[in-house]
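All remarks here apply to the structure that follows.
In our numbering, the protein residues as written are 957 to 1265.
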């Protein structure tokens, strides 16, 4: 695996040269979506011919449908040029804590709701490859994301008496050998939920390192090792969760400085975003962008789904 400082980045000047016009952006997207040959995203047919549609230049001979690069992906109905989408992906990937929609609106000259929608579509791309089944030694760590009760308005305080009241529970699991992470928003902190998260991301007989939370007691099919933080050091020989704990530093800093108004409804996409960015951190910037484009394909996210209650 490449080291932290051996990655090849792309400056903004280089990014502009990479996509000088819309034709260059279309060619770049096509090279990722169709590496061998153009095919219809509707029926999978490869027998196509040039169409007369204004925005979809290809037509499938078997099903007679028009298609283009964005057909069948999260940005299918978007009128944004592919050059603009590529720049949005670049800005998101080169911002350690992410980019907020107001800044993206200014940088790209688009509407605020469009910028917000584009960012959520990019976050969906990181769903691929997150639910890995880890083997060997894995570390599990839970946390809470949300504002402090003392900093809320009086009308919004829940006054339930706990430090974690009003916050969303989140959980992460990391493979010590590969450094890969998986994370998700937990509906609750019951044993069934937390154990289910561990089972979904580990193989049988994996060595699972956790803290002394009672919810992890009695797990079947895995070997549990515990670190008791309240009475001893953070490491007990080879038993440690020090690899999983720092993961939540970036999401929490982003919540404070970039996404202060994140709702629980959309929190799962932000968590997936940071887990995905963590897993591709060793890649060059261009490879990261290709990874995102590949993850976008086959998924759709309508604006009405985002704003629906």
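All C-beta atoms in this analysis are idealised placements derived from N, C-alpha and C, irrespective of residue type, glycine included.
If I follow the unbroken alpha helix (DSSP H) through residue i, where does it start and stop?
| i | result |
| --- | --- |
| residue 1076 | 1068-1080 |
| residue 1133 | Counting along the chain, residue 1133 falls outside any alpha helix (DSSP H), and DSSP gives it neither H nor E. |
| residue 1157 | 1147-1157 |
| residue 1209 | 1205-1213 |
| residue 994 | Looking at the DSSP string, residue 994 is not in any alpha helix (DSSP H), and its letter there is neither H nor E. |
Mind checking who residue i pairs with in its DSSP beta bridge?
| i | result |
| --- | --- |
| residue 1120 | Per DSSP, none; premise fails for residue 1120. |
| residue 1098 | 1127 |
| residue 1180 | 1164 |
Taking the alpha-carbon of residue i as reference, which of the options has the nearest alpha-carbon?
| i | options | result |
| --- | --- | --- |
| residue 1131 | 1100, 980, 976, 1201 | 1201 |
| residue 1052 | 1156, 1211, 1102, 1081 | 1211 |
| residue 1242 | 988, 1154, 1222, 1165 | 988 |
| residue 1043 | 1015, 1025, 1078 | 1078 |
| residue 1157 | 1208, 1175, 1075, 1138 | 1138 |
| residue 1055 | 1118, 1226, 1091 | 1226 |
| residue 1204 | 1102, 1027, 1134, 1022 | 1102 |
Any Cβ of chain C within less than 9 Å of the Cβ of residue i?
| i | result |
| --- | --- |
| residue 1207 | Considering every chain present, this structure includes no chain C. It has just one protein chain. |
Leaving aside the five residues before and after residue i along the sequence, list all residues of the same chain whose C-beta is less than 6 Å from its C-beta, in chain order.
| i | result |
| --- | --- |
| residue 1240 | 963, 964 |
| residue 957 | With a pLDDT of only 48 at residue 957, under 50, the local geometry of the prediction cannot be trusted, and the value read off the model is given with reservation. Same-chain partners within the cutoff: 1238. |
| residue 1145 | 1125 |
| residue 1223 | 1124, 1141 |
| residue 1071 | 1057, 1060, 1061 |
| residue 1039 | 975, 978, 981 |
| residue 1220 | 1124 |
| residue 1097 | 1128, 1197, 1200, 1201 |
In the DSSP assignment, find the unbroken beta strand (DSSP E) run with residue i in it and report its ends.
| i | result |
| --- | --- |
| residue 1016 | 1014-1016 |
List the whole-angstrom C-beta distance separating residue i from residue j, where the pair is believed to meet the contact cut-off of C-beta under 8 Å.
| i | j | result |
| --- | --- | --- |
| residue 935 | residue 1251 | No answer is possible for residue 935: it lies beyond the span of the chain, which begins at 957 and ends at 1265. |
| residue 1147 | residue 1181 | About 18 Å; that fails the 8 Å criterion. |
Using a Cβ-Cβ cut-off of 8 Å (strictly less than) and excluding sequence neighbours within five positions of residue i, which residues of its own chain qualify?
| i | result |
| --- | --- |
| residue 1083 | 1228, 1232, 1251, 1255 |
By Cβ distance below 7 Å, which residues in the same chain neighbour residue i in space, the five residues on each side in sequence not counted?
| i | result |
| --- | --- |
| residue 1149 | 1142, 1143 |
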